[in-house]
Amino acid sequence: MCTKQKLWLLLGMENLEQVNTFPYLGSVFADDAECEKEIKGRLGKGYNVGVAMKKLWQSHDISIATKAKLMKTLTWTVATYSCESWTIKKRTKTKLMRWR
């Protein structure tokens with residue numbers, strides 16, 4: 000069993016606060032290195048990009064092939080932003096492959 004130990008860090012005369020999660024450049028880093036919340040949030044943002052382009056999807060002037068390419072290009076890039084830092088488990092990988 001792993002126990003979390005609170006660390007005390009003094010910078011100058013100020014004590015720095017230890018936090019469980021830390022947002023940085025659009026990503027969320029957690030003290031337990033779990034990425035479930037980060038991945039769920041990114042997939043939600045990708046989904047919202049798709050929803051925001053409702054008029055585009057309803058347009059009859061754009062072919063289905065072009066719409067499919069746009070969907071992959073626009074939503075997948077938002078959903079996988081900063082994925083290089085994710086720790087992916089089998090369950091998460093399955094969820095990502097289904098979403099894609």
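Numbering (numbering that gives the first Met the number 0), first residue to last: 0 to 99. Every residue gets a Cβ at the ideal spot worked out from N, C-alpha and C, and that includes glycine. Just so you know, these numbers come straight off a predicted model, no measurement behind them.
My understanding is that residue i touches residue j, with C-beta atoms under 8 Å, so please give their C-beta distance in whole angstroms.
| i | j | result |
| --- | --- | --- |
| W75 | K66 | Their Cβ separation, rounded to whole angstroms, is 14 Å, which puts W75 and K66 out of contact at 8 Å. |
| R41 | T79 | 7 Å |
Can you tell me the Cα-Cα spacing of residue i and residue j, whole angstroms?
| i | j | result |
| --- | --- | --- |
| L69 | V77 | 12 Å |
| K103 | E37 | Because the chain in this structure spans residues 0 to 99, residue 103 falls outside the shown range and cannot be described. |
| K94 | W7 | 38 Å |
| K54 | C82 | 29 Å |
| N104 | G49 | Residue numbering for the chain in the displayed model covers 0 to 99; residue 104 lies beyond these limits and cannot be assessed. |
| K39 | A64 | 27 Å |
| D31 | L24 | 19 Å |
| S62 | C34 | 36 Å |
| H59 | A51 | 17 Å |
For residue i, write down the residues that DSSP places opposite it in a beta bridge.
| i | result |
| --- | --- |
| V27 | P22 |
| E13 | L10 |
Along the chain, where does the alpha helix (DSSP H) that runs through residue i open and close?
| i | result |
| --- | --- |
| E37 | 35-51 |
| W85 | Per DSSP, W85 belongs to no alpha helix (DSSP H) and is neither H nor E. |
| T76 | 63-78 |
Is there at least one Cβ from chain B nearer than 8 Å to residue i's Cβ?
| i | result |
| --- | --- |
| L55 | Included in the structure is just one protein chain, with no chain B present. |
Do residue i and the ligand ATP come close, with the Cβ less than 7 Å from some heavy atom?
| i | result |
| --- | --- |
| T91 | In the structure shown, the ligand ATP is absent, as is every other ligand, since no ligand is present at all. |
Task: the region 42-53 contacting the region 11-24, beta-carbon criterion three pairs below 8 Å - done: no
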